[in-house]
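Here the structure is laid out as structure tokens; the discussion comes afterwards.
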Amino acid sequence: MKRNKFRELLRRYEGNPILTTADWPYPANSVFNAGATLLPSGETLLLVRVEDRRGISHLTAARSRDGITNWQIDPQPTLLPDPQRYPEEVWGIEDPRITWIEELERYAITYTSFSTSGPLVSLALTRDFR
3 MKRNKFRELL RRYEGNPILT TADWPYPANS VFNAGATLLP SGETLLLVRV
53 EDRRGISHLT AARSRDGITN WQIDPQPTLL PDPQRYPEEV WGIEDPRITW
103 IEELERYAIT YTSFSTSGPL VSLALTRDFR
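If you count the sequence shown from 1, you need to add 2 to reach my numbering.
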């Protein structure tokens, strides 16, 4: 079988996965689908989807100087679902995307909220993920 010769645009890191539940400071079923951004300090920040033991997801920040190793994971969730105030989050929050908005001097995080009516797009704002 002849392989097509295409320019390699991306190369997978040979040490994958870079984060697993074994790295987590608290019990979790799985960790995946992280949003990423580069902080002013030069650190890479991942906002990781964490599925708890009930199957409900939340988001936790992890930071690394090189974006590959030595991750410092927040000891507690960074953003938990809050169905009392936000009923659209009753079944969890997941799949964050992060963008710095200069005019607001804040990071905007879009994420999926799971409601009783299905998935929805939600927004959170932060200056520092703390």
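Idealized CB from N, CA, C, for every residue including glycine.
Considering just the uninterrupted stretch of the beta strand (DSSP E) at residue i, what are its terminal residues?
i, result
"Tyr88", "Segment: none, Tyr88 is in no beta strand (DSSP E) and carries neither H nor E."
"Ile111", "Arg108 to Ser117"
"Asn72", "First-last for Asn72: undefined, no H or E at that position."
"Asn35", "Ser32 to Leu40"
"Asp97", "Ile95 to Ile103"
"Arg51", "Thr46 to Glu53"
"Thr62", "Ser59 to Ser66"
"Gly17", "Note, Gly17: premise wrong, no beta strand (DSSP E); not H, not E."
"Ala126", "Gly120 to Thr128"
What's the call for residue i, buried or exposed, on a 16-neighbour Cβ count within 10 Å?
i, result
"Tyr113", "buried"
"Pro89", "exposed"
"Pro27", "exposed"
Below 8 Å on the Cβ atoms is my guess for residue i versus residue j; work out the distance and round it to an integer in Å.
i, j, result
"Asn58", "Gly94", "According to the sequence displayed, residue 58 carries Ile and not Asn. About 4 Å; that satisfies the 8 Å criterion."
"Ser32", "Glu53", "5 Å"
"Ala110", "Leu127", "6 Å"
(message) Does the region 62 to 75 come into contact with the region 43 to 50, if we say contact requires no fewer than three beta-carbon pairs (one atom in each stretch) closer than 8 Å?
(response) yes
(request) Please determine if the region 96 to 110 and the region 68 to 79 are in contact, where contact requires at least 3 C-beta pairs separated by less than 8 Å. (result) no
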